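Below is one structure, written out as C-alpha cells; comments come after it.
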Amino acid sequence: MRRYDLDWLRVIVFALLIFYHVGMFFVPWGWHIKNNVIYDWLKWPMLFLNQWRLPILFVISGMGTYYAFSKRNLGQFRWERIRRLGIPLIFGMMFIVPPQVYIERLANHQFSGSYLDYFTSVAFKGVYPEGNISWHHLWFLPYLLVFSLLLGPLFVYLRNNQNPFSDWINRIIGKPFGIYWFVVPLYLLEALVEPFFDITHALIDDWFNFSFSLVLFFYGFLLISTGDIFWKVVEDLKSKAILIGVFTFLSQVFIWVFLEDGYVVHFTEALLKVVNIWSWILVLFGFAAKHLNHKSLSLSYANRAVYPFYILHQTVTVVLAYFLMDLSWGLFPKASLLVLGTFGFSWLIYHFLILKIPLLQPFFGLKKKR
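No gaps in the numbering here: position 227 of the sequence shown is 386 in my numbering, and each next residue is one more.
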C-alpha cells in the first residue's frame with residue numbers, strides 16, 4: 160500500500176532545500192556567490208535545518224527502494240536507477256550546472272564575456288573548483304545511484320527471505336526508545352571517521368559523508384520493511400522525540416558558543432549531533448504518519464514536480480542572486496524575491512516546458528505518466 164506521507168515528506172524536504180540554498184547566499188559559510196551584507200545570526204536556524212534535511216532524504220530514498228523492488232527484479236531495478244538518476248545527472252552537469260559556475264566566475268572576476276563564450280570555451284575544462292566541471296547541488300544523485308547499485312543484491316535478499324536479522328529489528332524497535340539504538344553506528348562514524356574527512360560531495364574522497372549517508376539509506380530500507388510496526392513507533396514517540404531534539408540541539412549550541420574543542424567535547428558533541436539528527440527524523444515521520452497519509456491532487460502534482468524542481472532550483476537561485484547581490488536592500492526583500500523567484504521560475508520551466516515536451520522529461524527524471 161502506498162504511503163502518501165512519504166510523498167508529502169519528500170515534497171516538503173525538497174521545498175526546504177530551496178529555502179536553505181537561498182539562506183546560503185546570506186550566511187558566512189562559503190557558497191558560490193555571496194550577498195553584499197552577511198547576516199551572522201542566520202547561521203543558527205541554518206545549522207538546525209542542515210543537520211537533518213539531507214539525512215531524512217537518504218532514509219526516504221531507502222524506503223522508496225523497498226517499494227521499487229515490489230515491481231522489479233535486480234536487473235530491472237539497476238536499469239531504472241541508471242535511467243532516473245544517471246541520465247538527469249549527466250544532463251544536469253552539461254546544461255543545468257554550467258550557468259551556476261559561470262555566474263560564480265563572473266562574480267569573482269575569474270571570467271569576463273557572455274555565457275555563450277564561456278560555454279563554448281572553458282565550461283568543460285578541468286574539475287571544479289580549480290576547473291569548471293561539476294555536479295554542484297546534484298551531488299545527491301551519484302551518491303544515491305552508487306548506494307542503490309551497491310546494496311541492491313543485499314536488498315533483494317532481505318526482501319525475499321525471512322531472516323533472524325529482520326526479526327531482531329522488529330523486536331528492538333518495539334521496545335521503549337528501542338529505535339534509538341540506530342544511532343550507535345552513526346555515532347561511531349561521527350566520532351571516529353568525521354574528524355579525518357572533510358565533506359566534499361566529490362564521491363571518491365568523501366568517506367565520512369559517503370558512509371554516513373549509506374547507513375541512513377540502509378536504515379530506510381530496514382525500517383519500512385517492518386511494516387506497521389515502524390509507523391506505530393514513530394507516531395507514539397514523536398512528542399518525546401521533539402523534546403530530545405530540542406535538548407540535543409541546544410546542547411550543541413552551548414558547546415559551539417562556550418566550550419573549546421577537545422576529546423571530551425568532541426565525543427560528547429558527536430553523540431548530541433547524531434541523537435539530534437535521529438530525533439528530528441523520527442519527529443517528521445511521526446507527524447507525517449498522523450497528519451499526511453492521504454491522497455490529494457495537490458500531492459500528485461507536487462510529487463511529480465519535485466524532481467525537476469530539485470534539478471532546476473539552484474541554477475535559478477544563483478542567477479537571480481547575481482542581480483541582487485550588490486543592491487542596498489535588506490534581508491527580507493532579497494530573500495523573499497529569491498524564494499518566490501526560485502519557485503516561480505522553476506514552476507514556469509516545469510509546467511510550460513518540461514510537461515509540454517515529452518522529449519525533455521527523461522532528462523529531468525520523469526517517468527511516463529500512466
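Don't be surprised by glycine CBs; every beta carbon is placed ideally from N, CA and C.
Predicted, not measured: the structure shown is a model, and the values here were computed from it.
Cβ-based burial, Thr-407 [other Cβ within 10 Å; buried from 16]: Only buried fits Thr-407, as 16 or more other CB atoms lie within 10 angstroms of its CB.
Residues bridged to Ile-292 [DSSP beta-bridge criterion]: Val-286
Whether Gly-379 touches Met-222 by CB criterion (8 Å): Going by beta carbons, Gly-379 and Met-222 fall inside the 8 Å limit.
Three or more C-beta pairs below 8 Å linking the segment 227-246 and the segment 325-340: Contact between the segment 227-246 and the segment 325-340 is absent, because fewer than three Cβ pairs lie under 8 Å.
Ile-249: first and last residue of the uninterrupted alpha helix (DSSP H) it sits in: Note, Ile-249: alpha helix (DSSP H), 246-250.
Supposed contact pair Trp-167 and Ala-447 - C-beta distance, whole angstroms, cut 8 Å: 6 Å
Unbroken stretches of the alpha helix (DSSP H), 4 residues or longer, contained in the segment 383-462: Look at the segment 383-462 and you find these whole runs of alpha helix (DSSP H), each 4 residues long or longer: 387-417, 422-450.
With 16 other Cβ atoms within 10 Å as the buried cut-off, status of Gln-473: buried
Among Glu-263, His-450, Pro-312, Tyr-339, the one whose alpha carbon lies nearest that of Phe-295: At residue 295 the sequence reads His, which differs from the Phe that was named. Closest by alpha carbon: Glu-263.
contact_flag[the segment 266-277, the segment 293-313] where n(CB pairs < 8 Å) is 3 or more: no
Status (buried if at least 16 other CB within 10 Å, exposed otherwise) for Met-160: exposed
Backbone CA spacing between His-510 and Leu-176 [nearest angstrom]: 20 Å
DSSP state of Arg-330 mapped onto helix, strand, coil: helix
CB of Leu-402 within 8 Å of CB of Phe-371, strictly: no
Ile-338 CB to nearest heavy atom of the ligand PLP below 7 Å: Absence of the ligand PLP from the depicted structure is noted, as is the absence of any ligand whatsoever, leaving it without description.
Rounded Cβ spacing between Gln-259 and Val-498 (contact assumed at less than 8 Å): That belief does not hold up - the Cβ atoms of Gln-259 and Val-498 are roughly 18 Å apart, past 8 Å.
Whole runs of the alpha helix (DSSP H) within the segment 175-254, excluding any shorter than 4 residues: 202-227, 233-240, 246-250
Enclosing alpha helix (DSSP H) for Gln-269 [first to last residue]: Element bounds for Gln-269: n/a, residue is neither H nor E.
Which of helix, strand or coil DSSP assigns to Thr-279: helix
Spatially closest choice to Leu-431 from Ala-350, Val-172, Ile-331, by CA coordinates: Ala-350
Beta carbon of Asn-452 nearer than 8 Å to that of Tyr-198: no
Residue environment, Val-416, which counts as buried when at least 16 other CB atoms sit within 10 Å: By the 10 Å Cβ count, Val-416 comes out exposed.
Limits of the unbroken alpha helix (DSSP H) element including Lys-493: Lys-493: member of the alpha helix (DSSP H) spanning 490-508, first to last residue.
Residues of its chain near Glu-353, where Cβ-Cβ distance is below 6 Å and the 5 sequence neighbours each way are ignored: For Glu-353, where only same-chain residues beyond five positions count, the Cβ hits under 6 Å are Phe-367.
Boundaries of the alpha helix (DSSP H) in which Val-256 is found, first to last residue: Element bounds for Val-256: n/a, residue is neither H nor E.
Segment contact, 8 Å Cβ cut-off, at least three pairs: the segment 209-227 with the segment 270-280: no
Integer-rounded CB distance, given that Ile-338 should sit under 8 Å from Leu-441: 7 Å
Assigned exposure category for Pro-257 - 16 Cβ within 10 Å defines buried: Its Cβ being crowded by 16 or more others within 10 Å, Pro-257 is buried.
Simplified DSSP state of Ala-464, which is helix, strand or coil: For Ala-464, the secondary structure class from DSSP, reduced to helix, strand or coil, is helix.
Length of the line joining the Cα atoms of Tyr-216 and Val-281: It is Leu, not Tyr, that sits at residue 216 in the sequence shown. The alpha-carbon atoms of Leu-216 and Val-281 are separated by roughly 34 Å.
CA-to-CA distance, Asn-319 to Ile-332, given in whole angstroms: 21 Å
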